[in-house]
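Residue numbering for the sequence shown is 238 to 510, as defined by the working numbering.
Don't be surprised by glycine CBs; every beta carbon is placed ideally from N, CA and C.
Worksheet: one structure, shown below.
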Amino acid sequence: MATPLKDRNRAEFKRYKEDVEREGKSFYPYAILHDSVMSLVVVGVIIGLACVWYFTADKTDAGILGPWYTDEADPGTVNFVPRPDWFFYFLFYLLRIFKWPNTVVLGTVGIPTLLLVLLVLLPFYDRRPERRITRRPVALVAALLVVLSMGVLTWKGATAKEALGSELIASGTVDKWAQEQGFQNDPVAVAGSKLFAESGCLNCHTYLGSGAGNLGAPDLSAIGATGRDVAFFKSYVSNPAQYGNNVMISYGYLGDENLTKIATFLQASKGGG
Ligand code: HEC
């Protein structure tokens, strides 16, 4: 009969203690100290580089490590498409797979947290002393799957097209909205739908399956079914803050005529079908 796992682990542990006694230093405190010092050095280098960057440059002068920034940030921009750095593409793509609001927490917090917990707990459930990779099929397959899926998600995130308004108009998607919602004979609403697509509303909102679904912005496909009139939507879009919405910027700059078009479009959006 094979030796029980528990006994084998005991034997391994005893052998480790003997090894340490004979020729080595124990993990605690030596290796811990070693790691802590190295980590501090790395953090120190990063802080040092940040200081060199900050104090040798300014808004326009490149200094040693580049200028502070090239273009001043424009808080009024409506067509900026936010994209993360490449190493977050896999999370970014998860956000697209999971739609706001029902499953997005699962996709962005639930799954990554679960995977991290599994990783932290690894020493507690993977207790076999076997280290040869060919004898560890489960671990091998799991590792390959993680690498593969992160690779695929990173690739998909890197090549994902943003649903920008001009694309939606060019592909005929916006015309389809009019058909689906039944306002194709209302030229003001049709003009409003194009403005809606072009004005960056879809960077936050979704509409009949298009758009980003960001920052808690609701789907607007059936916003006209809530019984509010054109005047209300005009006032809302031109000054969302007065309705307690401090996420959405004020679109008053679009002008009265354009606001009327967008509001008419919103009022005519009753969910389609
Ligand atoms: C920066 C993100 C963002 C952008 C861009 C944005 N919105 Fe919003 N919008 C929101 C959020 C968040 C809410 C929900 C606020 C709340 O629930 O209090 C909202 C709410 C609304 C509502 C009210 C919905 C309701 O059920 O009461 C309307 C109508 C609306 N937006 C229209 C638009 C239009 C039209 C545009 C483009 C001209 C636009 N939004 C652009 C974030 C955005």
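### Task
Taking L233 and G446 to be in contact with their CB atoms under 8 Å, please state how far apart those CB atoms are, rounded to whole angstroms.
An answer regarding residue 233 cannot be provided, because it is not within the stretch 238 to 510 covered by the chain.
### Query
Is it the case that the Cβ atoms of S430 and G461 are separated by a distance below 8 Å?
no
### Query
Taking only runs of the alpha helix (DSSP H) that begin and end inside the region 451 to 497, which ones reach a length of at least 4 residues, in chain order?
467 to 475
#### Entry: Short Cβ contact (8 Å threshold) for P360 with N246
no
### Task
Would you grab the beta carbon distance between G344 and L332 for me? Rounded to a whole angstrom, and I think it's under 8 Å.
7 Å
### Message
With H, G and I counted as helix, E and B as strand and the rest as coil, what does DSSP make of S447?
### Response
strand
### Message
Suppose contacts are defined by Cβ-Cβ distances below 8 Å. Is Y488 in contact with S475 by that definition?
### Response
yes
### Query
Leaving out the 5 sequence neighbours to the left and right, which residues in its chain are closer than 7 Å to A459 when beta-carbon positions are compared?
S506, K507, G508
### Task
Could you tell me whether any non-hydrogen atom of the ligand HEC is closer than 7 Å to the CB of C288?
no
### Query
Counting pairs of Cβ atoms below 8 Å between the region 497 to 506 and the region 418 to 434, do you hit three or more?
yes
### Message
I'd like to know if the region 366 to 378 and the region 392 to 412 are in contact, where contact means that at least 3 CB-CB pairs between them fall below 8 Å.
### Response
no
### Query
What is the residue span of the alpha helix (DSSP H) that Y362 lies within?
359 to 362
#### Entry: S436 beta carbon near the ligand HEC (any heavy atom closer than 7 Å)
yes
### Task
Kindly indicate which residue of E309, T340, A380, F329 has the alpha-carbon position closest to the one of L352.
A380
### Query
What span of residues does the alpha helix (DSSP H) with V271 cover, start to end?
Just to set this straight, residue 271 is His in the shown sequence, not Val. Taken as a continuous stretch (DSSP letters only), the alpha helix (DSSP H) holding H271 covers 269 to 293.
### Message
I'd like to check one pair, F502 with A426: are the Cβ atoms closer than 8 Å?
### Response
yes
### Task
Have a look at F329 and P312 and give me their C-alpha separation to the nearest angstrom.
23 Å
### Nearest-angstrom Cβ-Cβ length linking M387 and F469, presumed shorter than 8 Å
46 Å between Cβ atoms; not a contact.
### Message
To the nearest angstrom, how far is the alpha carbon of D363 from that of Q504?
### Response
59 Å
### Message
Just to check my reading of the structure: A434 and G402 have Cβ atoms closer than 8 Å, yes? What is that Cβ distance to the nearest angstrom?
### Response
4 Å
### Query
Hey, G303 and A310: beta-carbon distance below 8 Å or not?
no
### Task
Sort Y265, A454, V279, A415 by Cα distance to V484 and report the nearest one.
A454
### Message
Tell me whether A454, by its Cβ, gets closer than 7 Å to a heavy atom of the ligand HEC.
### Response
yes
### Query
Does DSSP put F502 in a helix, in a strand, or in coil?
helix
### Message
How far does the alpha helix (DSSP H) with E309 in it extend, from its first residue to its last?
### Response
That residue, E309, is in no alpha helix (DSSP H); it is neither H nor E in DSSP.
### Query
Which value, in whole angstroms, describes the spacing of the CA atoms of N451 and T443?
9 Å
### Task
Just the C-alpha distance for V274 and Y265, rounded to the nearest angstrom, thanks.
14 Å
### Task
Tell me the start and end of each unbroken alpha helix (DSSP H) in the region 365 to 417 that is at least 4 residues and wholly inside, in chain order.
374 to 396, 402 to 407
### Query
Between Q418, L491, Q479, which lies nearest to L457 when the distance is taken from Cα to Cα?
Q418
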